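See below for the structure under consideration.
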Amino acid sequence: MEIIPYLVFSGQCETAFRFYEQCLRGKIEAMLPHAGTPAEAHVPPEWRSKIMHARLVVGDAVLMGSDAPPDRYQAPQGFSVTLQMKDPAEADRIFHALAENGTVRMPIQQTFWAVRFGMLVDRFGIPWMVNCEQAPA
4 MEIIPYLVFS GQCETAFRFY EQCLRGKIEA MLPHAGTPAE AHVPPEWRSK IMHARLVVGD
64 AVLMGSDAPP DRYQAPQGFS VTLQMKDPAE ADRIFHALAE NGTVRMPIQQ TFWAVRFGML
124 VDRFGIPWMV NCEQAPA
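Quick note on the numbering used here: the sequence shown kicks off at 4 and runs consecutively.
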């Protein structure tokens, strides 16, 4: 079994996933707009270029997402996409890239459990936690 986060956007899925692909050094494996699919008839004409399904692979991890039509979109709440990493410099790099034009909820810093930990909401409204745990004693 895999547990795969599925993010819902209000029209910026493609932009967000292209940014995540660069920031997380992953690869977009799918970016399917509504146009040309049976779903095309169920969205307004101006929404047909919006993303029905996206899939980003980063190492062994997968992140999926789509755009919700304006009347069905709800802002994300009650979760964070957590990035667990071993390299503190990489944790800092990714945190600062995701935080650009977003909202930092907790600056990335050393904590009692981690060499680096921080929380933010990115420019697309997605909540993230970046965690770089300390090596076991």
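Cβ atoms here follow ideal geometry from the backbone N, Cα and C, with glycine treated the same way.
These numbers were taken from a predicted model, which means no experiment stands behind them.
- Judged by DSSP secondary structure, LEU101 falls within the alpha helix (DSSP H) whose first and last residues are 91-102.
- In the DSSP assignment, ARG21 falls within the alpha helix (DSSP H) that extends over 16-26.
- Judged by DSSP in its simplified three-state form, PRO48 adopts helix.
- According to the DSSP secondary-structure assignment, HIS56 is paired through a beta bridge with LEU35.
- Collapsing the DSSP output to three states places PRO79 in coil.
- With respect to the C-alpha of LYS30, the residue from VAL61, ALA71, GLY39, VAL84 having the closest C-alpha is VAL61.
- Taken through DSSP and simplified to helix, strand or coil, PRO72 comes out as coil.
- GLN137 and ALA64 have their C-alpha atoms some 22 Å from each other.
- PRO110 sits in a strand when the DSSP states are folded into three classes.
- Of the other Cβ atoms in all chains shown, 16 or more fall within 10 Å of the Cβ of ARG119; this residue is therefore buried.
- The segment 48-56 makes no contact with the segment 101-108: fewer than 3 CB pairs, one atom from each, lie closer than 8 Å.
- Ranked by Cα distance from PRO41, the first of GLU32, THR106, GLU93, MET55 is MET55.
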